[in-house]
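>
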Amino acid sequence: MKNVFGINAEKENLKIEGYLFVERRLDGDLSKAQDRHQQKLDEYQKKARPKVLEALKNVCFYAFLLCLFLVVRFFINEDKNEVAIIVTACIGVLLLLSSLLIIIYIKSVYKKIVESEDFKKTIEESKEIYEKSIKELKIPDTAQEMDVLLFMYREKDGVKKSVSPFFEFLNFNCHIFSEDDKVMIADTESVLAFYNNSFKSIEKIERKISVSGWNKEFGINEGKFKDYKLKVKNGVIFMPYYYAVKLEYQLEEYEFFIPPYEFDTITKYIKIREETAE
2 MKNVFGINAE
12 KENLKIEGYL
22 FVERRLDGDL
32 SKAQDRHQQK
42 LDEYQKKARP
52 KVLEALKNVC
62 FYAFLLCLFL
72 VVRFFINEDK
82 NEVAIIVTAC
92 IGVLLLLSSL
102 LIIIYIKSVY
112 KKIVESEDFK
122 KTIEESKEIY
132 EKSIKELKIP
142 DTAQEMDVLL
152 FMYREKDGVK
162 KSVSPFFEFL
172 NFNCHIFSED
182 DKVMIADTES
192 VLAFYNNSFK
202 SIEKIERKIS
212 VSGWNKEFGI
222 NEGKFKDYKL
232 KVKNGVIFMP
242 YYYAVKLEYQ
252 LEEYEFFIPP
262 YEFDTITKYI
272 KIREETAE
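Under the numbering used here, the first residue of the sequence shown carries the number 2, and numbering increases by one thereafter.
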């Protein structure tokens, strides 16, 4: 069975496995403009949150916690070593101050970048490109945002494994809407079309997965999202289950995956039964 939003990282073109469902594609020049602006935004993000300083901040903080632990141990010990307590406490205070200073510096760098005229101009240009893309792809105002789980993999001995050692899926933001007798799922570069009668079932997969990226306005523990028992660790989101939307097209079976909180969204457009994987 093919994953509509599966991408084999070992292939040169990096097409999704469901590329034959693509009905509309963005103009080449507009697509290139999108890529250029995304690269600029990525560069701003790297400058705003320097990885070296982020790592140093964490090292200082965890070293401070270690010093705090040692000071408590020294106090508990019957043979209190006052010199060791004072030295360890001083080191701990210095580490905590260093961590706070790094946080303040990172925030000042971030503020300087986001308030710069060049950054504001880039944001405005990105918005214009986005609006042009939406118009060219004919995505209606009534379209709903919906996350799908994109799976980029390498295949070895017939087994598909995520290219990332840290997470399995990428949380990919799309728009979903109806058009004639089709369900359309679009990003800002292409629109995929699925005939209503091609959908067969929605299967609940009772398996914990790791996901990178969060596209919603509210946090994972806010509003309706707190009901899904999502967890975050080291920037990776853990979901207790997910859904597989199954369909058939040209005598081939396909599927794509959605997070648990998108079930209500997709069932507004797809009227099929829900199943549970054993």
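We put the CB at the ideal spot given by N, CA and C, even for glycine.
Identify the continuous beta strand (DSSP E) that holds aspartate 158 and give its terminal residues.
Here residue 158 refers to the residue found at position 157 when the sequence shown is read from its first residue. Neither: aspartate 158 is in no beta strand (DSSP E) and is coded neither H nor E.
> Between the C-alpha atoms of leucine 98 and cysteine 91, what's the straight-line distance to the nearest angstrom?
What you label residue 98 is simply residue 97 of the sequence shown in a count that begins at 1. What you label residue 91 is simply residue 90 of the sequence shown in a count that begins at 1. Each residue's Cα considered, the two are about 11 Å apart.
> Counting only runs of 4+ residues fully inside the region 51-113, write out the alpha helix (DSSP H) ranges in chain order.
Fully enclosed alpha helix (DSSP H) runs of 4 or longer: 52-77.
> Ignore the nearest five residues each way along the sequence and tell me which others in glutamate 279's own chain have a CB closer than 8 Å to its CB.
What you label residue 279 is simply residue 278 of the sequence shown in a count that begins at 1. Bear in mind that the predicted position of glutamate 279 carries a pLDDT of just 49, short of 50, making it unreliable; the figure below should be weighed with that in mind. Within the same chain, glutamate 279 has no close Cβ partners at all.
> Should lysine 269 go down as buried or exposed, given a rule of 16 or more other Cβ atoms within 10 Å for buried?
On the sequence shown, position 268 is the one that residue 269 refers to. By the neighbour-count rule (16 or more Cβ atoms within 10 Å), lysine 269 is not buried but exposed.
> What separation, rounded to the nearest whole angstrom, lies between the Cα atoms of threonine 143 and isoleucine 177?
Stepping through the sequence shown from its first residue, residue 143 is reached at position 142. Stepping through the sequence shown from its first residue, residue 177 is reached at position 176. C-alpha separation (whole angstroms): 9 Å.
> By DSSP, does leucine 21 sit in helix, in strand, or in coil?
In the sequence shown, the residue the question calls residue 21 occupies position 20. In the structure shown, leucine 21 sits in a helix (DSSP, three-state: H, G or I).
> Quick one: residues in its chain with C-beta nearer than 8 Å to the C-beta of valine 212, no 5 flanking neighbours on either side, listed in chain order?
Position 211 of the sequence shown, counted from the first residue, corresponds to residue 212. Closer than 8 Å at the Cβ level, and outside the excluded window around valine 212, lie Leu150, Phe168, Glu169, Phe170, Leu171, Asn172, Val237, Ile238, Phe239, Met240 and Pro260.
> Would cysteine 68 and glycine 93 qualify as a contact pair, given that the criterion is a beta-carbon distance under 7 Å?
For this step, residue 68 is matched to residue 67 along the sequence shown. For this step, residue 93 is matched to residue 92 along the sequence shown. Yes, the Cβ-Cβ distance between cysteine 68 and glycine 93 is below 7 Å.
> Only counting runs of 4 or more residues, tell me where the alpha helix (DSSP H) segments fall wholly within the region 240-267, in order along the chain.
The qualifying runs are 264-267.
> Say whether the region 247-257 touches the region 221-232, bearing in mind that this needs 3 or more beta-carbon pairs closer than 8 Å, one atom from each stretch.
Cβ pair count under 8 Å is below three, so no.
> Going by CA-CA distance only, name the one from Lys272, Glu207 and Gln39 that's closest to lysine 183.
Against the sequence shown, residue 183 aligns to sequence position 182. For the residues Lys272, Glu207 and Gln39, the minimum Cα distance to lysine 183 belongs to Lys272.
> Name the DSSP bridge partner or partners of glutamate 146?
As a working note, residue 146 is residue 145 in the sequence shown. Partner(s): His176.
> Taking Cβ to Cβ, would you say arginine 25 is nearer than 7 Å to leucine 102?
The count along the sequence shown starts at 1 and reaches residue 25 at position 24. The count along the sequence shown starts at 1 and reaches residue 102 at position 101. Against a cut-off of 7 Å, the Cβ pair of leucine 102 and arginine 25 comes out as no contact.
> Indicate the three-state DSSP secondary structure (helix, strand or coil) for valine 115 in the structure shown.
One-based indexing of the sequence shown puts residue 115 at position 114. Three-state result, valine 115: helix.
> Going by CA-CA distance only, name the one from Tyr244, Phe65, Ile86 and Pro141 that's closest to aspartate 284.
There is simply no residue 284 to check, as the chain begins at 2 and stops at 279 in what is shown.
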